[in-house]
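Report on the following structure.
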Amino acid sequence: MGGVQLDQLPLNQFAIVRTIDWSAFPDSEGHRLRSLGLEEGVGIEALHMGILLWKDPIAVRVGRMTIALRRKVAAAIICEFAA
Amino acid sequence: MTEMMPLVALVGNPNAGKSALFNALTGARQKIANYPGVTVERKSGRIALADGRPVELVDLPGAYSLSPDSLDEAVTRDVVLGKLEGHRRPDALIIVVDAGNLDNHLRFTLELVALGLPVVVALNMVDLAERDGLELDPAKLSSKLGVPVVQTVAVRKRGLDALVETLDAQLKIPPVAASPIAERKALTARAHSIAKAVIVKETATRQWTRTLDNILLHPFAGPLILFGLLFVMFQSVFAWSEAPIGWIETGIAALSDGIAATLPTGFFRSLLIEGVLAGVGSVIVFLPQILILFLFILILEATGYMTRAAFVMDRMMASVGLSGHSFIPLLSSFACAIPGIMATRTIMDQKDRLTTILIAPLMTCSARLPVYTVIIGAFIPARAIGPGIGLQGTVLFALYMAGIVGAMVAALFLRRTVAKGSNSSFLIEMPRYQLPLIRDIALGLWQRAWVFLRRAGTIIFASTILLWVLLSFPKVPIGSEMTQSEYSVAGRIASGLAVVTEPIGFNDKIALALIPAMAAREVAVSALATAYSVDAGDEDATAMALGDRLAGQWSLATALAFLAWFVFAPQCISTIAVAKRETNGWKWPIFMVTYLFALAYIAAGITYWTARSFGL
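Chains as they are written, first to last, in the working numbering: chain A, 1166 to 1248; chain B, 20 to 635.
Have a look at this one:
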């Protein structure tokens, strides 16, 4: 079953984080992601896609929290639509 | 026998409403200091238990866990573990949890509960959670965690009595041994399962935060709104402050007249009128503008908009090698570079952080406002160049922009040379929007006003008096061609310096003002006021506002060069000291001072000679 990269997730559709490629970014960034509750298995929803023509950064809802992250990091997070 | 007052720490995730709870519990009597050995701000206050026994309450920096991401979080960990040298371990904890964000906040709560200290959980912002359609079972949360839970709404002062009562009971329980902290993954799973069990009902409701974000984070409307907001902010600094500044000026003039009428002519009268009132008074008049600026910044922070501004700015900042994280410290630097530089601790990437520290002094801080306002008021005509847009406000806006553009160019350069490193990153929590509480904003403003007045009463007061003494002695012989300020000790030093500053259009009085302005930028204004007062001699001329006097003595080219100088000059010893502390050494502050002075000299020179070539 193919997953969708977080940065490609259509807006306002509920999904689940399947895998995160932790090697794609420095440890400090991974630690912060976990602090903000972003890890495998959590529910996620894309809310806003960037500013002007850059379409970067993006805002997503994780649990009950909104967090902002760069598209490059989002690309390492693979999601799956909730059943 | 005196028993030590119990120490209770407020601890919780960022955005859990911790500061609001702290303000509600302690009121306006707060003590602000630093934690021993670090520059992290320590806020503490006293609360009284039911029988009147006092308890010291300390507001710890917000943290996500006991494994810190930043210096602030490290302080929180060290305090609760009793590992911070020179700081005693709290006797109990109040753990603040956002009722609307249990999934995330309970993980840190579980870590804290495991420490074995007596705790109370404040289930905060229950009203917002209800608004979002959540119904919680606090009794269940209490039994799952094994500690008492009290529902609170800090901003409405709801649940505070129950909280203090429970705390009182908990303080009587001795701490137990810490239990081993579960592995992170297990901790997350437990937090999620507890959250699930505690949420009784969840109804979908219209979420204001989402609706607002659709507008404020809109790809095109978002940046427009942000820039509009910033423009209004800087226009207001001028427009709203006019009346209160007038009152302060009238008050100082009345005081000055009163002293002139009662004291006999002589040393004391001269010191008070020409030294103290002319000097300190010329700085105090800027209090209204500084407060207006802080008012905007405090409101932006309290509403939750600040992180949205960081979101909007991130990609633009990325083009000079920075990130949206740098936007918040840089915006704070518009008020003062010191909290700005301290706020860089939230930037995880060290090279990013260093660059932000080095460019923070380029943001136009409030200490520069007195300098700008006096010069603009004296040399730029107060006329409208469009509906609601004044020429003076526009010049001020241009000066702010010059600082920003200068900072961006400097960042680009620094990121490619001395602060070369990996690409910047951006990762931030965006809290729900909240209506700011007037009480909290007023408290914040009062704390800022107090810091400013204390500066005026100490650094500025002392340097003004010292300068007045240096300017007044030795007395110029009667019949001499020289003025008093030229003949004085200070004048002789300044004429030496003037050799360096003349090529950029600065006369000896300006050179003179630049020396004490190293202590704080706004001293330049009081120094000029004192220097011109000492020469004026008679009372009528002393009473003349500094701006009017300058307008008669400086060319427009000199005035513009003076403004350009202050866009870049790193004239603030406190900022240099903070940069030293935050970068752990002298290397970077020395680098910062050198490059900024070089920029200031070049910018003032270019401005002066360009203006001269236009015949100004």
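Note that beta-carbon positions come from the ideal geometry of N, C-alpha and C, so glycine has one too.
So what does DSSP say about residue 170 of chain B, is it helix, strand or coil? Here the question's residue 170 of chain B lines up with position 151 in the second sequence. Correct three-state label for residue 170 of chain B: strand.
Less than 8 Å separating the beta-carbons of residue 535 of chain B and residue 546 of chain B? In the second sequence, the residue the question calls residue 535 of chain B occupies position 516. In the second sequence, the residue the question calls residue 546 of chain B occupies position 527. At the C-beta level, residue 535 of chain B and residue 546 of chain B come within 8 Å of one another.
Environment of residue 603 of chain B [buried if 16+ CB atoms lie within 10 Å]: For the purposes of this step, residue 603 of chain B is taken as residue 584 along the second sequence, with counting starting at 1. With fewer than 16 other Cβ atoms within 10 Å, it is exposed.
Bridge partners for residue 51 of chain B per DSSP, in chain order? In the second sequence, counting from the first residue as 1, residue 51 of chain B sits at position 32. DSSP output for residue 51 of chain B lists B/62 as bridge partner(s).
Within this structure, are the beta carbons of residue 14 of chain B and residue 347 of chain B separated by less than 8 Å? Any property of residue 14 of chain B remains undetermined from this structure, which presents chain B solely from 20 to 635.
The beta strand (DSSP E) that contains residue 27 of chain B, what's its start and end? Here residue 27 of chain B refers to the residue found at position 8 of the second sequence. Where residue 27 of chain B is concerned, the enclosing beta strand (DSSP E) stretches over 26-31.
Give the residues from the segment 117-129 of chain B that approach chain A closer than 7 Å (Cβ to any Cβ), ordered along the chain. If the cut-off is 7 Å between Cβ atoms, the segment 117-129 of chain B has 119, 120, 122 and 123 near chain A.
Where residue 233 of chain B falls, given that 16 or more other Cβ within 10 Å makes a residue buried: In the second sequence, counting from the first residue as 1, residue 233 of chain B sits at position 214. The residue is exposed, with fewer than 16 neighbouring Cβ atoms inside 10 Å.
Chain B residues whose Cβ lies nearer than 7 Å to that of residue 1219 of chain A: Residue 1219 of chain A sits at position 54 when you count from the first residue of the first sequence. By Cβ distance, chain B contributes 334.
State the beta-bridge partners of residue 1185 of chain A as determined by DSSP. To locate residue 1185 of chain A, count along the first sequence from 1; it is residue 20. Bridge partners of residue 1185 of chain A: A/1242.
Segment contact, 8 Å Cβ cut-off, at least three pairs: the segment 413-427 of chain B with the segment 446-466 of chain B: no
Under a CB-based cut-off of 8 Å, is residue 1171 of chain A close to chain B? To locate residue 1171 of chain A, count along the first sequence from 1; it is residue 6. No - not a single Cβ of chain B is within 8 Å of the one on residue 1171 of chain A.
Compare the beta carbon distance of residue 125 of chain B and residue 116 of chain B with 8 Å and say whether it is the shorter of the two. As a working note, residue 125 of chain B is residue 106 in the second sequence. As a working note, residue 116 of chain B is residue 97 in the second sequence. For residue 125 of chain B and residue 116 of chain B, yes; Cβs fall inside 8 Å.
Could you pull out every residue in the same chain whose Cβ sits closer than 8 Å to the Cβ of residue 303 of chain B, ignoring the five residues on either side in sequence? Counting from 1 along the second sequence, the entry for residue 303 of chain B is found at position 284. So the list reads 267, 271, 472 and 475, once near-sequence residues are dropped.
For the beta strand (DSSP E) containing residue 73 of chain B, list its first residue and its last residue. For the purposes of this step, residue 73 of chain B is identified with residue 54 of the second sequence, where counting begins at 1. First-last of the beta strand (DSSP E) with residue 73 of chain B: 73-78.
Touching by the beta-carbon criterion (3+ pairs, under 8 Å), the segment 91-99 of chain B and the segment 165-173 of chain B: Counting Cβ pairs under 8 Å, fewer than three are found: no touch.
For residue 370 of chain B, collect the residues of the same chain with a Cβ closer than 6 Å to its Cβ; drop the 5 residues on either side in sequence, then sort them by chain order. Position 351 of the second sequence, counted from the first residue, corresponds to residue 370 of chain B. The residues are 438 and 440.
Alpha-carbon to alpha-carbon, residue 139 of chain B and residue 205 of chain B: For the purposes of this step, residue 205 of chain B is identified with residue 186 of the second sequence, where counting begins at 1. For the purposes of this step, residue 139 of chain B is identified with residue 120 of the second sequence, where counting begins at 1. Those two C-alpha atoms are separated by around 23 Å.
Within a Cβ cutoff of 8 Å, which residues of the same chain sit near residue 278 of chain B, ignoring the five residues on either side of it in sequence? Working through the second sequence from its first residue, we reach residue 278 of chain B at position 259. 288, 291, 292 and 296, listed in sequence order.
Local Cβ density within 10 Å of residue 1188 of chain A, reported as buried at 16 or more and exposed below that: As a first step, residue 1188 of chain A is located in the first sequence; it is residue number 23 there, counting from the start. So residue 1188 of chain A ends up on the exposed side.
Residue(s) in a DSSP beta bridge with residue 221 of chain B: Taking the second sequence and counting its residues from 1, one reaches residue 221 of chain B at position 202. BP columns for residue 221 of chain B point to B/153.
Compare the Cα-Cα distances from residue 66 of chain B to each of B/580, B/273, B/77 and B/57 and report the closest residue. Here residue 66 of chain B corresponds to residue number 47 of the second sequence, with the count starting at 1. Comparing Cα-Cα distances from residue 66 of chain B to each of B/580, B/273, B/77 and B/57, the minimum goes to B/77.
Tell me which residues of the segment 241-262 of chain B have at least one Cβ-Cβ distance to chain A shorter than 9 Å, keeping chain order. 241 and 242
Name the chain B residues that come within less than 8 Å of residue 1224 of chain A, Cβ to Cβ? Position 59 of the first sequence, counting from 1, holds the residue named residue 1224 of chain A. Within chain B, the residues near residue 1224 of chain A are 232, 236, 330 and 449.
Flag residue 207 of chain B as yes if its beta-carbon sits less than 8 Å from any beta-carbon of chain A, otherwise no. Translated into positions along the second sequence, residue 207 of chain B becomes position 188. True, the Cβ-Cβ gap to chain A drops below 8 Å.
Could you give the DSSP three-state label for residue 144 of chain B: helix, strand or coil? On the second sequence, position 125 is the one that residue 144 of chain B refers to. Of the three classes helix, strand and coil, the one that applies to residue 144 of chain B here is coil, per DSSP.
Short CB-CB distance (under 8 Å) between residue 144 of chain B and chain A: As a first step, residue 144 of chain B must be located in the second sequence, where it is residue number 125. Chain A, which has no Cβ nearer than 8 Å to the Cβ of residue 144 of chain B, makes this no.
When DSSP builds the beta bridges, which residues end up paired with residue 1231 of chain A? Here residue 1231 of chain A refers to the residue found at position 66 of the first sequence. Paired residues: A/1226 and B/449.
Which whole-angstrom value describes the C-beta separation of residue 430 of chain B and residue 382 of chain B, a residue pair presumed to lie in contact below a C-beta threshold of 8 Å? Position 411 of the second sequence, counted from the first residue, corresponds to residue 430 of chain B. Position 363 of the second sequence, counted from the first residue, corresponds to residue 382 of chain B. Not a contact, Cβ separation roughly 12 Å.
Alpha carbon to alpha carbon, how far is residue 481 of chain B from residue 319 of chain B? On the second sequence, position 462 is the one that residue 481 of chain B refers to. On the second sequence, position 300 is the one that residue 319 of chain B refers to. Rounded to whole angstroms, the gap between the alpha carbons of residue 481 of chain B and residue 319 of chain B is 35 Å.
Mind reading off the beta-carbon distance from residue 584 of chain B to residue 623 of chain B? Whole number of angstroms is fine, and I expect it under 8 Å. By 1-based counting over the second sequence, the position of residue 584 of chain B is 565. By 1-based counting over the second sequence, the position of residue 623 of chain B is 604. Contact between residue 584 of chain B and residue 623 of chain B holds, since their C-beta atoms are separated by about 4 Å, short of 8 Å.
Can you tell me the Cα-Cα spacing of residue 21 of chain B and residue 75 of chain B, whole angstroms? By one-based count along the second sequence, residue 21 of chain B stands at place 2. By one-based count along the second sequence, residue 75 of chain B stands at place 56. With a pLDDT of 49 at residue 21 of chain B, under the threshold of 50, the modelled position of this residue cannot be trusted; read the value that follows with caution. Those two C-alpha atoms are separated by around 15 Å.
Cα separation between residue 477 of chain B and residue 332 of chain B? Here residue 477 of chain B corresponds to residue number 458 of the second sequence, with the count starting at 1. Here residue 332 of chain B corresponds to residue number 313 of the second sequence, with the count starting at 1. When rounded, the distance between both Cα atoms is 38 Å.
Can you tell me which of B/101, B/339 and B/464 puts its alpha carbon nearest to the alpha carbon of residue 136 of chain B? The count along the second sequence starts at 1 and reaches residue 136 of chain B at position 117. Nearest C-alpha to residue 136 of chain B: B/101.
Span of the alpha helix (DSSP H) holding residue 130 of chain B? In the second sequence, counting from the first residue as 1, residue 130 of chain B sits at position 111. Counting along the chain, the alpha helix (DSSP H) containing residue 130 of chain B begins and ends at 121-132.
8 Å Cβ cutoff, residue 1233 of chain A in contact with chain B: What you label residue 1233 of chain A is simply residue 68 of the first sequence in a count that begins at 1. Chain B, which has a Cβ nearer than 8 Å to the Cβ of residue 1233 of chain A, makes this yes.
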